[in-house]
Amino acid sequence: DIQMTQSPSTLSASVGDRVTITCRASQSISRWLAWYQQKPGKVPKLLIYQASSLETGVPSRFSGSGSGTEFTLTISSLQPDDFATYYCQQYNRCWTFGQGTKVEIK
Amino acid sequence: EVQLLESGGGLVQSGGSLRLSCEASGFTFSTYLMTWVRQAPGKGLEWVSAIDRSGINTFYADSVKGRFTISRDNAKNTLYLQMSSLRAADTAVYYCAKDAGYSDGHEVFDYWGQGTLVTVSS
Numbered sequence: 001d002i003q004m005t006q007s008p009s010t011l012s013a014s015v016g017d018r019v020t021i022t023c024r025a026s027q028s029i030s031r032w033l034a035w036y037q038q039k040p041g042k043v044p045k046l047l048i049y050q051a052s053s054l055e056t057g058v059p060s061r062f063s064g065s066g067s068g069t070e071f072t073l074t075i076s077s078l079q080p081d082d083f084a085t086y087y088c089q090q091y092n093r094c095w096t097f098g099q100g101t102k103v104e105i106k
Numbered sequence: 107e108v109q110l111l112e113s114g115g116g117l118v119q120s121g122g123s124l125r126l127s128c129e130a131s132g133f134t135f136s137t138y139l140m141t142w143v144r145q146a147p148g149k150g151l152e153w154v155s156a157i158d159r160s161g162i163n164t165f166y167a168d169s170v171k172g173r174f175t176i177s178r179d180n181a182k183n184t185l186y187l188q189m190s191s192l193r194a195a196d197t198a199v200y201y202c203a204k205d206a207g208y209s210d211g212h213e214v215f216d217y218w219g220q221g222t223l224v225t226v227s228s
């Protein structure tokens with residue numbers, strides 16, 4: 001099974017900050033990596049797929065990069081609506097989520 | 107508008123069974139892989155099971171293999187998850203989700219239902 005490890009688990013940041021979340025796969029997954037955003041009491045929302053492709057309607061301040069086993073999600077200028085939990089997901093072989101990164105207000 | 111409506115959750119005793127349903131509308135159900143993902147209270151997302159568009163190929167997480175069975179009825183636009191030998195660790199909100207259709211063989215999930223809560227009492 002492919003394991004996904006996110007870091008950090010919690011991130012405290014302010015509006016306007018540049019934020020980076022890292023996701024590592026236990027084996028190479030090429031670029032089959034997605035990022036989701038989930039707010040409390042809401043369903044997950046697909047942000048990025050295939051490591052760097054922005055889902056329709058997602059603001060351009062979100063970007064993804066990486067390949068193989070190391071990936072990052074970057075929010076270029078954190079907005080109030082971005083405080084949420086973010087999950088990476090590999091879909092190279094079946095599906096596995098990372099444990100999540102909670103972005104909270106500093 | 108894509109809609110996914112789960113039902114069938116509830117309180118069940120450890121060792122019991124439950125069948126979840128997910129009614130789909132707003133898209134051609136038979137042309138997309140579908141999946142179940144769960145989230146225990148206060149915890150992260152865990153992929154549970156998936157089924158291809160034909161219903162022939164099914165996939166399971168190790169944690170549910172042999173206990174859960176995924177199926178679909180394309181004529182009824184409905185996805186199912188039959189859960190048996192339930193354990194306290196299966197307590198979670200169960201979401202159904204659809205494949206975004208970007209890549210055959212590598213699927214991500216673009217629409218999710220609101221979820222149905224399954225509580226297993228020990």
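For the protein sequence lines, the chains are W and X, in the order given.
Each residue of the first sequence is one higher than the one before, starting from 1 at the first, in our numbering.
Each residue of the second sequence is one higher than the one before, starting from 107 at the first, in our numbering.
C-beta atoms are modelled at their ideal positions from N, C-alpha and C, and glycine is treated no differently.
Enclosing beta strand (DSSP E) for residue i [first to last residue]
i: T22(W); result: V19 to A25
i: E55(W); result: Neither: E55(W) is in no beta strand (DSSP E) and is coded neither H nor E.
i: F71(W); result: E70 to I75
i: Q119(X); result: G116 to Q119
i: T134(X); result: T134(X) -> no beta strand (DSSP E), and no H or E assigned at all.
i: Q48(X); result: Any answer about residue 48(X) is impossible in this case: the structure gives chain X only from 107 up to 228.
i: L47(W); result: K45 to Y49
i: G64(W); result: F62 to S67
Among the options, nearest to residue i - alpha-carbon criterion
i: G114(X); options: S120(X), S127(X) and V108(X); result: S127(X)
i: G66(W); options: S77(W), C23(W) and Y86(W); result: C23(W)
i: R31(W); options: D1(W), A51(W), V103(W) and C94(W); result: A51(W)
i: R93(W); options: F62(W), I105(W), S7(W) and I29(W); result: I29(W)
i: G16(W); options: I105(W), T101(W), Q79(W) and T85(W); result: Q79(W)
i: T137(X); options: T225(X), S209(X) and S190(X); result: S209(X)
i: T72(W); options: K39(W), T101(W), I105(W) and G41(W); result: T101(W)
i: L111(X); options: Q220(X), W153(X) and G161(X); result: Q220(X)
i: V108(X); options: N180(X), T134(X), R125(X) and V118(X); result: T134(X)
i: D168(X); options: V199(X), R144(X) and S155(X); result: S155(X)
i: Y36(W); options: Y166(X), Y217(X) and G116(X); result: Y217(X)
Residue j beta carbon less than 8 Å from that of residue i
i: A146(X); j: T222(X); result: no
i: V103(W); j: A13(W); result: yes
i: L46(W); j: A195(X); result: no
i: L139(X); j: F97(W); result: no
i: F215(X); j: T141(X); result: yes
i: L187(X); j: S123(X); result: no
i: S120(X); j: S227(X); result: yes
i: E129(X); j: T184(X); result: yes
i: E213(X); j: Y91(W); result: yes
Residue(s) in a DSSP beta bridge with residue i
i: Y86(W); result: Q37(W) and T101(W)
i: I29(W); result: Paired residues: none, contrary to the question.
i: Y217(X); result: K204(X)
Let me know the beta strand (DSSP E) ranges lying completely inside the segment 162-191 of chain X, each 3 residues or longer, listed in chain order.
164-166, 174-179 and 184-189
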